[in-house]
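Residue numbers (our numbering): 1356 to 1461.
A virtual CB, placed ideally from N, CA and C, is assigned to each residue, including glycine.
Small disclaimer: the values here were computed from a predicted structure and weren't measured.
In what follows, a single structure is set out as structure tokens and then discussed.
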């Protein structure tokens, strides 16, 4: 059995960078805590992709980051977990839906 990987959409990468920079501007330690929460969530998603709730009517699941108002929005594909968004929980729900059609995703 091969090890699963994660694939980040470009918009999700940008959201992660923006959130990291926001926390870095407050405190380098806070940025580090955000990164640790993110890394932990990503590892758990890769190992247990079906452990978090699926958004009704979609193939999408959501995993909240512990201690931060962000969720990782992802799709569990057969060989990889595709990260659709790193979404602030106060942002408009489902704003990322069009990303499910990004090139390179099948």
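Less than 8 Å between the CB atoms is what I'm expecting for residue 1427 and residue 1400, so what's the real figure, rounded?
-> 7 Å
CA-to-CA distance, residue 1378 to residue 1420, given in whole angstroms = 14 Å
For residue 1367, which residues from the same chain have a beta carbon less than 7 Å from its beta carbon, with the 5 sequence-adjacent residues on both sides left out?
-> 1438, 1439, 1440 and 1441
From the beta carbon of residue 1376, is the nearest beta carbon of chain B less than 7 Å away?
-> The structure shown has no chain B; it contains just one protein chain.
Should residue 1375 and residue 1388 be called a contact, given that it needs their Cβ atoms to be closer than 7 Å?
-> no
Assign residue 1375 to one of three DSSP states: helix, strand, or coil.
-> helix
Whole-angstrom distance between residue 1433 and residue 1455, CA atom to CA atom = 16 Å
Go ahead and label residue 1358 buried or exposed: buried means 16 or more other beta carbons lie within 10 angstroms of its beta carbon, across all protein chains shown.
-> Residue 1358 comes out exposed.
Just the C-alpha distance for residue 1391 and residue 1423, rounded to the nearest angstrom, thanks.
-> A direct Cα-to-Cα measurement between residue 1391 and residue 1423 gives close to 11 Å.
Excluding the 5 residues preceding and the 5 following residue 1435 in the sequence, name in chain order all residues of the same chain whose CB lies nearer than 7 Å to its CB.
-> Here the set comprises 1359, 1360, 1361 and 1362.
Secondary structure at residue 1431, three-state DSSP: helix, strand or coil?
-> strand
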